[in-house]
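Have a look at the structure below, then the notes.
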Amino acid sequence: MQPEDLNNLVSRAARRLAEAGVDTPLLDARLLLQAVTGWSREEMILDPSRPIGDGQTRQFDALIARRVMREPVARILGEREFYGRSFRVTPDTLDPRPDTETLVGAALHLMPPRARLLDLGTGTGAVIITLLAERPDATGLGTDISAAALAVATANAERHAVADRLQLVQGSWFSPVRGRFDTILSNPPYIPSADIAGLSPDVRRFDPLAALDGGADGLEAYRRIAAAAKAHLAPEGHVLVEIGLGQGPDVSAVFVAAGFAAAGERSDLGGRLRCLMFREEKK
Ligand SMILES: C[S@@+](CC[C@H](N)C(=O)[O-])C[C@H]1O[C@@H](n2cnc3c(N)ncnc32)[C@H](O)[C@@H]1O
154 MQPEDLNNLV SRAARRLAEA GVDTPLLDAR LLLQAVTGWS REEMILDPSR
204 PIGDGQTRQF DALIARRVMR EPVARILGER EFYGRSFRVT PDTLDPRPDT
254 ETLVGAALHL MPPRARLLDL GTGTGAVIIT LLAERPDATG LGTDISAAAL
304 AVATANAERH AVADRLQLVQ GSWFSPVRGR FDTILSNPPY IPSADIAGLS
354 PDVRRFDPLA ALDGGADGLE AYRRIAAAAK AHLAPEGHVL VEIGLGQGPD
404 VSAVFVAAGF AAAGERSDLG GRLRCLMFRE EKK
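In terms of this note's numbering, the sequence shown opens at residue 154 and continues consecutively.
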């Protein structure tokens, strides 16, 4: 039998992915073939009739079968690109989303020189590791309830050469935290518990529940964070949180009730309000 060429293989796989309800079938098929062959995107575009051997075709089909079950490409590859850097992702961590780059952009704008950062619910560490890599004079503390996620964050910190400026500790929100910080950040779980069953299979089946479930109204983590943040905020410091769709007014109300004043907001590239910033309300 003739080996299949690149174009046929990608088209056949993309059809399978489209039938399975994947939003970006062609892109995903190309990314998975790149992972198997090691070819660049440019090489694949310039030479679409390259033959592909049986072994690589079998490997590719196995990856496509995982994507058909709606496992996200980043999870299949174990790597996610975030703010221009690659982060290790495992079943124990949220797959960091491009929307969360909004939180990073906002923090870079507010961080003072030699900033002390605190990232609550750090997951892969994508947020705080990016900030430390962008600002070599900053230091940070990352927390998570999940020890397995912290092991992944440790590996990512080493990969991006910020491990000597980042401490990682396990515990619930502020419970393991001592001291004060210039910039407190969190992308907490914010999906109302009852909405989780209706999420896309890519999210529902593969992101850890602890990374998604924000309690009955989705606001539980914001309440916990707002209640204890003042005791850990340095003078002139800021608290920045990512929010879910339509949560702006409710999350603002939680922080205002805890004695904070609004200090700005940022939308993601799709124009949706994604990040709220607060400072301590002056008496
Ligand atoms: C939405 S994920 C965000 C992960 C990462 N910061 C990011 O943006 O990709 C929320 C994170 O909060 C952690 N988490 C959940 N409950 C927690 C708690 N009570 N205390 C600390 N972290 C918690 C989860 O394990 C998860 O890593």
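In this text, a Cβ means the ideal position worked out from N, Cα and C, and glycines have one as well.
Can you say whether residue i is buried or exposed, counting buried as having 16 or more other CB atoms within 10 angstroms of its CB?
| i | result |
| --- | --- |
| residue 390 | buried |
| residue 255 | buried |
| residue 234 | exposed |
| residue 193 | exposed |
| residue 423 | exposed |
| residue 398 | exposed |
| residue 427 | buried |
| residue 211 | exposed |
| residue 372 | buried |
| residue 195 | exposed |
| residue 355 | buried |
| residue 284 | buried |
| residue 301 | exposed |
Using the Cα positions of residue i and residue j, report the straight-line distance between them to the nearest angstrom.
| i | j | result |
| --- | --- | --- |
| residue 197 | residue 163 | 10 Å |
| residue 401 | residue 172 | 36 Å |
| residue 410 | residue 161 | 59 Å |
| residue 315 | residue 286 | 6 Å |
| residue 167 | residue 214 | 11 Å |
| residue 248 | residue 384 | 30 Å |
| residue 270 | residue 280 | 10 Å |
| residue 416 | residue 311 | 33 Å |
| residue 224 | residue 434 | 44 Å |
| residue 169 | residue 364 | 30 Å |
| residue 221 | residue 182 | 11 Å |
| residue 350 | residue 319 | 35 Å |
| residue 341 | residue 374 | 6 Å |
| residue 388 | residue 243 | 37 Å |
| residue 216 | residue 331 | 44 Å |
| residue 157 | residue 204 | 6 Å |
| residue 437 | residue 176 | Outside the displayed range of the chain (154 to 436) lies residue 437, so it cannot be described from this structure. |
| residue 200 | residue 159 | 8 Å |
| residue 259 | residue 430 | 8 Å |
| residue 299 | residue 357 | 18 Å |
| residue 239 | residue 178 | 22 Å |
| residue 282 | residue 317 | 11 Å |
Is any heavy atom in ligand 2 found nearer than 7 Å to the beta carbon of residue i?
| i | result |
| --- | --- |
| residue 298 | For the structure depicted, ligand 2 is absent and the ligand set comprises only ligand 1. |
Identify the residues that DSSP records as bridge partners of residue i: which are they?
| i | result |
| --- | --- |
| residue 158 | 204 |
| residue 227 | Answer is none; residue 227 lacks a bridge partner. |
| residue 366 | 344 |
| residue 320 | 294 |
| residue 414 | 432 |
| residue 395 | 428 |
| residue 339 | 273, 394 |
| residue 240 | 233 |
| residue 334 | 386 |
| residue 357 | Residue 357 pairs with nothing; no bridge assigned. |
| residue 420 | 426 |
Between residue i and residue j, how many whole angstroms is the CB-CB distance? I'm expecting something under 8 Å.
| i | j | result |
| --- | --- | --- |
| residue 376 | residue 309 | Rounded, the Cβ-Cβ distance is 29 Å, inconsistent with contact. |
| residue 278 | residue 306 | 3 Å |
| residue 296 | residue 273 | 5 Å |
| residue 368 | residue 346 | 6 Å |
| residue 432 | residue 413 | 7 Å |
| residue 228 | residue 359 | 5 Å |
| residue 336 | residue 268 | 6 Å |
| residue 329 | residue 290 | With a Cβ gap of about 25 Å, residue 329 and residue 290 do not count as contacting. |
| residue 380 | residue 408 | Wrong, their Cβ atoms sit about 10 Å apart, outside the cutoff. |
| residue 366 | residue 344 | 6 Å |
| residue 392 | residue 404 | At roughly 11 Å, the Cβ-Cβ gap does not stay under 8 Å, so residue 392 and residue 404 are not in contact. |
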